[in-house]
Amino acid sequence: MTAASRASSLGVIKPEHAHFSDALYLESGEVLDEFELVYETYGALQPDGNNAVLICHALSGNHHAAGFHSEADTKPGWWDTVIGPGKPIDTNRFFVVCPNNIGGCNGSTGPASISKTTGKPWGSLFPQVTVGDWVESQKRLAQHLGINQWAAVVGGSLGGMQALQWSITYPDWVTHCVVIAAAPGLTAQNIAFNEIARQAIFSDPDWCGGDYIDANTAPEKGMALARMVGHLTYMSADNMSDRFGRELRQGSFDPDDNEQPIFQVESYLRYQGSQFATRFDANTYVLMTRALDRFDLAAASDGDLAKALEPASAEFLILSFSSDWRFSPARSREITTALLAAGKRVTYSNLESDAGHDAFLLEDADYIALLHAWMKRVAA
Amino acid sequence: MMLRSDVETIAGWVGNGSKVLDLGCGSGDLLAKLFLEKGIDGVGVDIDTKNLTTALTKGLRVIQQDMEDGLLNFENTQFDVVIIADSLQVLKRPHAMLTRVVQIGHEAIVSFPNFGHWRSRLSLLLSGRMPKTKALPYSWFDTPNIHFCTVADFESLCRQLDIEIIERKVSGDRTYLAKIWPNIFAKSASYRIRHR
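Right under this line is the structure:
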C-alpha cells in the first residue's frame, strides 16, 4: 500500500467470522443446519446502533469491500473508492458491515466448505440459495452485531437486488436504500449469458458433476471461459474500442497457429478468465448466476412491481450508468417508476459513463459526488 | 433567472403539504423553499447531473430525466401541483408539455418571461435585431430560449388546448400597468392552470 492510498483509506482490516448454530430455512425448502459468515466492518457502531450501513456484494464480490489486508497489500477492497474516512460512505460517521454471502467462496459457508453430514466438501450437494436467503443470513449477522436497523442498505448489481429485497422484506429495518446498476429481474438475454457461462463450466471434464474438490481437481478451463463471457457483458463496446481497438498483442506469433491470440482484446480476456478461475469456486459461480436468474421482485405480485414495492418505507437512491447494457438504465427507470407509482421517496440518476456495467465499481468524479451528496441525508 | 416576485407568486399558490412535481428544477432552490415554507411532499425533474447533485445536498429528491420525454413514468393526477417555472421557453414542444402537465397534476403552475414586453418590442422595432436584455442576454443563434411567447400567445394556446386558466399574476416595473396591459407591461407572467 502506498502512503497516498493509506491516507485516504481505512488501512489494514482484519476479516471477522460469525458462526450461526440456528438452522437457516432456505427458500428452496432445504435447510442449512448451521452456517458461518466471514465479514468486515469499518468505523464504529454508535451505542444506539443507528449508524450501521450494510454493503451487499455482487456476483464475484466478497466481504473485503475496503481497506487493505496487510501493510504489503497493494490492492484495496473492491469498493475502497466509496467506503472510507471522508468518502461517500463515510466511516467517520457510519459503522459499515460487509459480509461474504452464503454460497460464496471467500470464507462464508459455501459449496467448498466441509459438510458436517458427510465430512467432505459440499460440492454438488450445497443447496441453491436465493437473494431472499442472503437477506435472512445478513439479518442474523446484524443481530449478532447488536444492530436492529440499517441507516442504509447499499448494493450494486446483484448487491442492489439484495438491497431492494431488504426494503420490502424488512421495511422497518431499512431507512435508506441505495440500488446501483441493478434490475428488478433478469431479462432473457441476461439469463442466456448466464446459461452460456454455466454450460462452459459444465462442459469442462474437471467439473465432475460439481464434486471436483473430491476428485482433487477444478474446472478451471470452464471457469475461465465462463468469466470471459461474463466479463464481456460488464464492458461497453465503446470502452473496448478505446482500450483495445484492433491492436495486436505483443511478441511474435506463428501464422499457422490459430489457437494463439492475435489481438490485445483476446489476451486480455484470456488473462481475466484464467486469473478468475484460480481465485473463484465454480460451484459458487453456478450458484450465484442461478440466484441472479431466479430473482424476480415482482413475481409474488403478478408482475406488478409497484405493488411489490408497496411495503417499503425506505428513502431510495436508484443509480444507473448510461453505457451499461447488462442492467441497462431502462431497468433502473423501471424500479424508479414503480417506486413513484407506489408513492415512495426516490431519487434517480443515470450517470454518464462509457465503462458499461463495471462503472459501478470504478472511480468517477460525478458518481462519487452524487453519492456523497445523497448520503448526507442519512442520519448517523 | 426567475424574478423574485415570480418565486413568491408560485410559493403563494402551493398549498401546505401538497404533492409537488417541479419540472426543470435545476439545483432545487424553489423546491427547497417550498419544503421549508409549505412542507410539501415534492420531487424534481432535471437532466443535469451537477444540478442534481447540488439539489441532493439540500436533501431534495430528484429524478434525472429529459422532461420532454413524455413524462410517462408519472401517473395521471399523481400530483397536486406540477410546476414549470421559467422553462416553457426552452422546450421543443411546449404545447405537448402543457397538455401533459395538466394530466399528471390536478393543477399546474407555469411561469415564463413575456416576450411582448415593451422593451422587447421597442428593441426589435428600433434596432431590427432580436432583442437582448439583462434578463435575456443570449444571441438568437445560441439561446436556450427557442420558444418565446407573449402573454396573449400563452392564453390563446391554453384556449386551443382546452386548458382553464384559474389565476394569473404578472411582474413588471410598474405592477399596476402590467396588470392593466400585461401583454405590453408584464416582464413575466405566472399562471395556475388545469384541465377543463
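So the protein lines, in turn, are chains A and B.
Each residue of the first sequence is one higher than the one before, counting from 42 in my numbering.
Each residue of the second sequence is one higher than the one before, counting from 206 in my numbering.
We treat Cβ as the ideally placed atom computed from N, Cα and C, and that holds for glycine.
(request) Indicate the three-state DSSP secondary structure (helix, strand or coil) for residue 146 of chain A in the structure shown. (result) coil
(request) Check whether the Cβ atoms of residue 334 of chain A and residue 237 of chain A lie closer than 9 angstroms to each other. (result) It is not a contact, given that the beta carbons lie outside the stated cut-off.
(message) Can you give me the C-alpha to C-alpha distance between residue 203 of chain A and residue 311 of chain B, rounded to a whole angstrom?
(response) Roughly 36 angstroms separates the two Cα atoms.
(request) Enumerate in chain order the residues of its own chain whose CB-to-CB distance from residue 383 of chain B is below 6 angstroms, with the five nearest sequence positions on each side excluded. (result) If the five residues before and after residue 383 of chain B are omitted, its C-beta is found closer than 6 angstroms to the C-beta atoms of 375, 377, 390 and 391, all from its own chain and listed in chain order.
(request) State yes or no: is the beta carbon of residue 267 of chain B nearer than 9 angstroms to at least one beta carbon in chain A? (result) It does: the Cβ of residue 267 of chain B has a partner Cβ on chain A nearer than 9 angstroms.
(message) Going by DSSP in three states, residue 100 of chain A sits in which element: helix, strand or coil?
(response) In the structure shown, residue 100 of chain A sits in coil (DSSP, three-state: anything other than H, G, I, E or B).
(message) Taking the alpha carbon of residue 83 of chain A as the reference point, which residue from A/57, A/158, A/374 and A/160 has its own alpha carbon closest?
(response) It is A/57 whose Cα lies nearest to the Cα of residue 83 of chain A.
(request) For residue 387 of chain A, go through chain B and note every residue whose CB falls closer than 7 angstroms to its CB, in chain order. (result) When 7 angstroms is used as the limit between beta carbons, residue 387 of chain A is near these residues of chain B: 266, in chain order.
(message) Can you tell me whether residue 221 of chain B is buried or exposed? The criterion is at least 16 other CB atoms within 10 Å of its CB, across all chains shown.
(response) exposed
(message) With a threshold of 9 angstroms between beta-carbons, can residue 415 of chain A be considered close to chain B, or not?
(response) yes
(request) Please report how far the alpha carbon of residue 340 of chain A lies from the alpha carbon of residue 396 of chain B, in whole angstroms. (result) 44 angstroms
(request) Would you mind reading off the limits of the beta strand (DSSP E) that contains residue 391 of chain A? (result) For residue 391 of chain A, the enclosing beta strand (DSSP E) begins and ends at 386-392.
(request) Quick one: which residues of the region 395-414 of chain A get their C-beta closer than 7 angstroms to a C-beta of chain B? List them in chain order. (result) If the cut-off is 7 angstroms between Cβ atoms, the region 395-414 of chain A has 407, 410, 411 and 414 near chain B.
(request) Can you give me, in chain order, the residues of the region 265-298 of chain B that have a beta carbon less than 7 angstroms from any beta carbon in chain A? (result) Cβ contacts with chain A: 266, 267, 268, 269, 278, 279 and 280.
(message) Quick check: the region 261-274 of chain B against the region 395-404 of chain A, are at least 3 beta-carbon pairs closer than 8 angstroms?
(response) Contact between the region 395-404 of chain A and the region 261-274 of chain B is absent, because fewer than three Cβ pairs lie under 8 angstroms.
(message) On the DSSP bridge list, what partners appear for residue 162 of chain A?
(response) A/155
(request) Provide the residue(s) that pair with residue 269 of chain B in DSSP beta bridges, ordered along the chain. (result) B/251
(request) Identify whether residue 296 of chain B lies in helix, strand or coil by the three-state DSSP scheme. (result) Residue 296 of chain B carries a coil assignment under DSSP once its states are collapsed to helix, strand and coil.
(message) Rounding to the nearest angstrom, what Cα-Cα distance links residue 335 of chain B and residue 326 of chain B in this structure?
(response) 10 angstroms
(message) Between residue 468 of chain B and chain A, is the shortest Cβ-Cβ distance under 9 angstroms, so that the two count as touching?
(response) With chain B running from 206 to 401 in the structure shown, residue 468 of chain B is simply not present.
(request) Run down chain B in chain order and give the residues with a C-beta less than 7 angstroms from the C-beta of residue 390 of chain A. (result) 254, 257 and 269
(request) Using a Cβ cut-off of 7 angstroms, pull out every chain D residue sitting near residue 374 of chain A, in sequence order please. (result) Absent from the structure: chain D. Protein chains present are A and B.
(message) Here's the rule I'm using: 16 or more other beta-carbon atoms within 10 Å means buried, otherwise exposed. How should residue 394 of chain B be labelled?
(response) buried
(request) Can you give me, in chain order, the residues of the region 212-245 of chain B that have a beta carbon less than 7 angstroms from any beta carbon in chain A? (result) none
(message) Considering only their Cβ atoms, is the gap separating residue 288 of chain B from residue 227 of chain B smaller than 9 angstroms?
(response) yes
(request) Taking residue 378 of chain A as the query, report the chain B residues whose CB atoms sit under 7 angstroms from its CB, ordered along the chain. (result) 278
(message) Can you list, in chain order, the residues of its chain with a C-beta nearer than 7 angstroms to that of residue 52 of chain A? Leave out the 5 residues immediately preceding and following it.
(response) 108 and 109
(message) I'd like to check one pair, residue 209 of chain A with residue 338 of chain A: are the Cβ atoms closer than 9 angstroms?
(response) yes
(request) List the residues that DSSP assigns as beta-bridge partners of residue 109 of chain A. (result) A/53
(message) Measuring straight from C-alpha to C-alpha, what distance separates residue 352 of chain A and residue 346 of chain B?
(response) 51 angstroms
(message) Looking at chain A, is there any beta carbon in it that lies within less than 9 angstroms of the beta carbon of residue 330 of chain B?
(response) no
(message) Counting beta carbon pairs with one atom in the region 307-325 of chain A and one in the region 208-223 of chain A, are three or more of them shorter than 8 angstroms?
(response) no
(message) Check whether chain A comes within 9 angstroms of residue 248 of chain B, counting only Cβ atoms and requiring the distance to be less than that.
(response) yes
(request) My understanding is that residue 182 of chain A touches residue 86 of chain A, with C-beta atoms under 8 angstroms, so please give their C-beta distance in whole angstroms. (result) That belief does not hold up - the Cβ atoms of residue 182 of chain A and residue 86 of chain A are roughly 13 angstroms apart, past 8 angstroms.
(request) With a threshold of 16 other CB atoms inside 10 Å of the CB of residue 60 of chain A, please say whether the residue is buried or exposed. (result) exposed
(request) Along the alpha helix (DSSP H) that carries residue 234 of chain B, what are the first and last residues, could you check? (result) 234-243
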